[in-house]
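First residue of the sequence shown? That's 19 in this note's numbering, and the numbers climb one at a time after it.
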Amino acid sequence: MNNFEFINPVKVVFGKGSIAELSAQLPSHARVLVIYGGGSIKRNNIYNQVTEALKGFGYFEFGGIEANPQYETCMQAVTLIKEKNINFLLAVGGGSVIDATKFIAVASLFDGEPWDVLVKGSPVENALPVGVVLTLSATGSETNERAVISRMETRQKLMFSSSKVFPQFAILDPEVTYSLPARQVANGVVDSFIHVVEQYLTYPVNAKVQDYFAEGLMKTIVEEGPKALYNPTDYDVRANLMWAATNALNGWIGCGVPQDWSSHRMGYALTVQFGLDHAQTLAVLLPGVMTYFRKEKEAKLLRMGEVLWGITQGTTEERVQQTIKETETFFQKMGIRTRLGDYGIQESDLDCLVGPLKQMGWKLGEYGKIDSKIAKEIMLLRL
C-alpha cells in the first residue's frame, strides 16, 4: 500500500425526512443562496421541503444550472452573491449543481480570473461555505473536494479540486430519488460504478481494505442498479445506491492505491463537442481502456471478473475478455449505449476529440501513458 493522507470533514445526514434537519446544519447568521438546476425540485416537493426548513433565514434563489455546469452561468450567480451579500451556498441537486456551487463558492472570493483555477491550476485561498441537499445519487460530489466545469466560449471541460470546497454537510434522503427519470437513474448507477473502477482497476499494491471495500461497492451497484429501474420506489434499493455512490468518491477507496481516471478525462470532449451525458461517455470509453491496457490491468481484471461476474474458467486472456464483455453488458442492461457509433460519432471526429489532451499536455492513466495518440487508438476500438 502506498503512503497517503486522508481527511473528509463532511457531515452526512442520511435517511427519510432528513431535509427537515437542514435548519439545524446552517449557521444562525446565514444568508443563503439556494442553487438548483432546471426546476424539477419545484415539481417533486423537494423545493417545498427546503424552503420550509429555511424559514427564519434570509435566502435567495438561483436556478438554471446545466446538466454540465457552465462557467458563464456560474458567473451570473457570483454577481447575485455580491449584490445580496450572501455568505452561504446551498446546492439542491445532483453532481452538476454541487460542482457548480463549489466553483461559485471559489469564484465569489477569488482575486483575479476564476477560470484560472481550472485552466492554470491557480491556488484556491478562500471559498464561501457550501451545504448540499442531494437529489441524485451519482457523482459523490456531496462528500468530496472536486468539481468539473465547462466553458462554452473556449469549448473546454476541466476539473479542479480544493479542500476549501468540501461541503460542510450533505443531506441524503433516498426517497427524493423516487421520481427521477429512468435515464438519470441509469446514468447515476453507471457513473458511480465507474468511479469505483477508476480507483480499483489499475495494478495491485496489497491494499486489501480498499480493494475489498471497492468490490463491495461494485457488487452493490451491480445488484441494485437494475432494480431501481424496475421498482423505482423501493427504499432499500435507493438507500443502498445512494450510499454506494457517496462512498464511491468520498476519497476512502482511493487512499494509498494507484488511480486511472483516463475514461473521465477523455470523455470530457465527448460531452462538450457532442452533448453526451457524462455517464454515456464513461460507458463508451471504459471498455476501450480495459481492452487496450488489459495486460497492464490483468491481475485486477481477473480479480474483478471472479468477484463481480463469477468468471473462474478459461485461459487468462479468455477470462479477461469475458470480464470486459460482462462489464459492457451491464451498462447496456442499464439502458446505456456503449459505442461511439451509437451516438453518430465517426472516425473523422476523433482528432477533435483527442485535441484537448494535446492542448493541455495531459498524460493519463495510472502509468501516465495515454497521450492524444493512444487516446485516439482507444477511441478507434469503440467505433
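Glycine residues also receive a C-beta, built at the ideal position from the N, C-alpha and C atoms.
Small disclaimer: the values here were computed from a predicted structure and weren't measured.
With contacts defined as CB atoms closer than 9 Å, Phe-128 and Val-137 fail to qualify as a contacting pair. Within the region 277-327, the complete alpha helix (DSSP H) segments at least 4 residues long are 280-292, 296-310 and 316-327, listed from N- to C-terminus.
Within the same chain, Arg-312, Glu-316, Leu-319, Leu-320 and Gly-323 come within 8 Å of Val-338 by CB-CB distance, once the 5 residues on both sides are set aside. Between Ala-263 and Ser-210 the beta-carbon gap is near 4 Å, inside 8 Å, which marks them as a contact.
Contact between the region 31-47 and the region 184-192 is present: 3 or more CB-CB pairs across the two stretches fall below 8 Å. The shortest CA-to-CA distance from Ile-25 to any of Ile-271, Ser-366 and Gly-111 is the one to Ile-271.
Out of Glu-160, Glu-384, Glu-193 and Ala-204, the CA that lies nearest to the CA of Val-183 is found in Glu-160.
For the pair of segments examined, the region 232-244 was found to touch the region 206-221: the number of CB pairs separated by less than 8 Å reaches three. Between the C-alpha atoms of Gly-158 and Glu-101 there is a straight-line separation of about 31 Å. In the DSSP assignment, Leu-176 falls within the beta strand (DSSP E) that extends over 174-179. For Phe-32, the enclosing beta strand (DSSP E) begins and ends at 29-32. Ala-156 sits close to Gly-113, with the two beta carbons spaced by under 9 Å.
Leu-51 sits in a strand when the DSSP states are folded into three classes. A direct Cα-to-Cα measurement between Gln-228 and Thr-97 gives close to 42 Å.
By alpha-carbon distance to Gln-174, the top candidate from Met-397, Gln-377 and Leu-399 is Gln-377. Judged by pairs of C-beta atoms under 8 Å, the region 379-393 touches the region 270-289, as three or more such pairs exist. A distance below 9 Å separates the beta carbons of Arg-164 and Met-177.
Sixteen is the threshold: when 16 or more other Cβ atoms of the shown chains lie within 10 Å of the Cβ of Glu-216, as they do, the residue is buried. For secondary structure counted as the beta strand (DSSP E) over 3 or more consecutive residues, the region 54-131 holds these complete runs in sequence order: 76-80 and 106-111. Pairing Gln-67 with Asn-105, the inter-Cα distance amounts to about 21 Å. Within the same chain, Val-208, Asp-209, Ile-212, Ser-281, His-282 and Gly-285 come within 8 Å of Leu-300 by CB-CB distance, once the 5 residues on both sides are set aside. Per DSSP, Arg-169 is one residue of the beta strand (DSSP E) stretching across 164-169. In the DSSP assignment, no residue is bridged to Ile-392.
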